[in-house]
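Chemist:
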Amino acid sequence: MTRTTTSPSPSAPSLGDARIISTADFVFTPLAGRLTEIATPVSPAVGSTHVTLHVVRIAPGETFSPESSADEENTAVVFDGRGTATVGSRSRSVERSHAAYAPTGQALSLTAVEDVLTVYIWRTPLTPGRLPGTDPEPFSTLWDETTQLRGFGGTGQISPDADRATMNFVFWPGNGSSQLCLHCGIQQPGQTFNVHLHPDSDEAFIAFEGIGQMYLRDRWIDVAAGDVLYAAPGVLHGARNPHTGPDARRFVTCGGPSPYDPALYSAAGLSSDVR
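In structure tokens, the structure reads:
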């Protein structure tokens, strides 16, 4: 299978409507006067519609906060290292697989301790007319199985696979996320999260653990942990673990459409009303 990668630098061509960005193509820039460095593989500056995705390597003892915006939501997932996440006035120790959600009006900050803290951060402005949740959950992990989507068959454009992956709803309207939600796909060996599209939403998600494949537009593409997928509204995408046998391991992805797509919650038999 051909591996598709492209440069995410600001001088690169527009993301257009679909792209997979390999970790090898991330362009990191040090923050002024600091050891912390940041790459931005997805943003409106390079063609996305709604969402910005940063990859931040926070140096030990340093703190990173996205630029504040009165109408923006932020979600962070720890990819490596240990540290502290603060949302508004609440703080929690975090490590790999931990996640934080900062709703509109609450600042997000992340501090590294002994080692570099590598964090993926999704950002999006709140759609006009959409209100923040009344009591949003600020902290969780990718392994939170409280609310799940099982047996998803896709949206009909591609014949679905029968062995279907499970998706954890980590941050979603049911626990107070009003637009920028976070889902975690658990593709066990041989399983697929079936190909689908979001008519009105960007999709930005990452390969968090293992090796597998992401579907983009019209083909399956090999990916590894840390790689990023971007799909504009209407672009087909999905994830699968084609590996089987005694040495096969699970393939984990995380991210989500922005604004959230009510169809995913309807498929799980859930309301998309914001709590």
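Numbering-wise (full-length UniProt numbering), the sequence shown opens with residue 1 and increments by one. From the three backbone atoms N, C-alpha and C, an ideal C-beta is built for every residue, glycine too. Since the structure is predicted, the reported quantities are computational estimates derived from the model, not experimental observations.
According to DSSP, is P138 helix, strand or coil?
Modeler: It is coil, neither helix nor strand.
Chemist: Would you call the region 129-145 and the region 241-248 in contact, with 3 or more CB pairs under 8 Å?
Modeler: Segments in contact, no.
Chemist: According to DSSP, which residues form a beta bridge with I21?
Modeler: I21 pairs with V228.
Chemist: Candidates T166, S68, Y215, R250: which alpha carbon is nearest Q157's?
Modeler: Looking at the Cα atoms, Y215 is the closest of the given residues.
Chemist: Is the region 188-207 close to the region 40-53, with three or more CB pairs under 8 Å?
Modeler: Because the criterion of three Cβ pairs below 8 Å is met, the region 188-207 and the region 40-53 touch.
Chemist: Could you give the residue range of the beta strand (DSSP E) that holds A39?
Modeler: Run containing A39: 37-42, per the beta strand (DSSP E) assignment.
Chemist: Going by the DSSP bridge assignment, what does C254 pair with across the sheet?
Modeler: Answer is C184, I206.
Chemist: Rounding to the nearest angstrom, what Cα-Cα distance links V252 and W220 in this structure?
Modeler: Answer to the nearest angstrom: the Cα atoms are 16 Å apart.
Chemist: Nearest by alpha-carbon distance to S140: which of F171, I38, L126 is it?
Modeler: Of the candidates F171, I38, L126, the one whose C-alpha sits nearest the C-alpha of S140 is F171.
Chemist: Given T29, which residues of its chain have a CB within under 8 Å of its CB, disregarding the five upstream and five downstream residues?
Modeler: So the qualifying residues of the chain are E37, I38, A39.
Chemist: Is the distance from the Cβ of G83 to the Cβ of L31 below 7 Å?
Modeler: In this structure, L31 does not lie closer than 7 Å to G83 by Cβ.
Chemist: Give, in chain order, every unbroken run of the beta strand (DSSP E) that is at least 3 residues long and sits entirely within the region 67-121.
Modeler: The region 67-121 contains these whole beta strand (DSSP E) runs: 72-80, 82-87, 90-95, 98-102, 108-112.
Chemist: Tell me, please, which residues DSSP counts as bridged to L216.
Modeler: Bridge partners of L216: R219, H237.
Chemist: Under 8 Å: do the region 89-108 and the region 224-231 share three or more Cβ pairs, one atom per stretch?
Modeler: The region 89-108, when compared against the region 224-231, does not touch it at the 8 Å Cβ threshold.
Chemist: Give me the Cα-Cα distance between T111 and F79, rounded to the nearest whole angstrom.
Modeler: Spanning the two alpha carbons is a distance of roughly 14 Å.
Chemist: Along the chain, which unbroken stretches of the beta strand (DSSP E) at least 3 residues long are found entirely within the region 157-184?
Modeler: For the region 157-184, whole beta strand (DSSP E) runs of length 3 or above, ordered along the chain, are 166-171.
Chemist: In terms of residue numbering, what span does the beta strand (DSSP E) encompassing L53 cover?
Modeler: Looking at the DSSP string, the run of the beta strand (DSSP E) that includes L53 is 52-58.
Chemist: Got a sec, what are the start and stop residues for the alpha helix (DSSP H) Y265 sits in?
Modeler: 262-267 is the extent of the alpha helix (DSSP H) around Y265.
Chemist: Looking only at C-alpha atoms, which of Q106, S177, I58, P44 sits nearest to E137?
Modeler: Checking every option, the nearest Cα to that of E137 belongs to S177.
Chemist: For a quick check, are the C-beta atoms of A100 and A85 less than 7 Å apart?
Modeler: A contact, by the Cβ cut-off of 7 Å.
Chemist: Along the chain, where does the beta strand (DSSP E) containing F193 start, and where does it finish?
Modeler: 192-196 is the extent of the beta strand (DSSP E) around F193.
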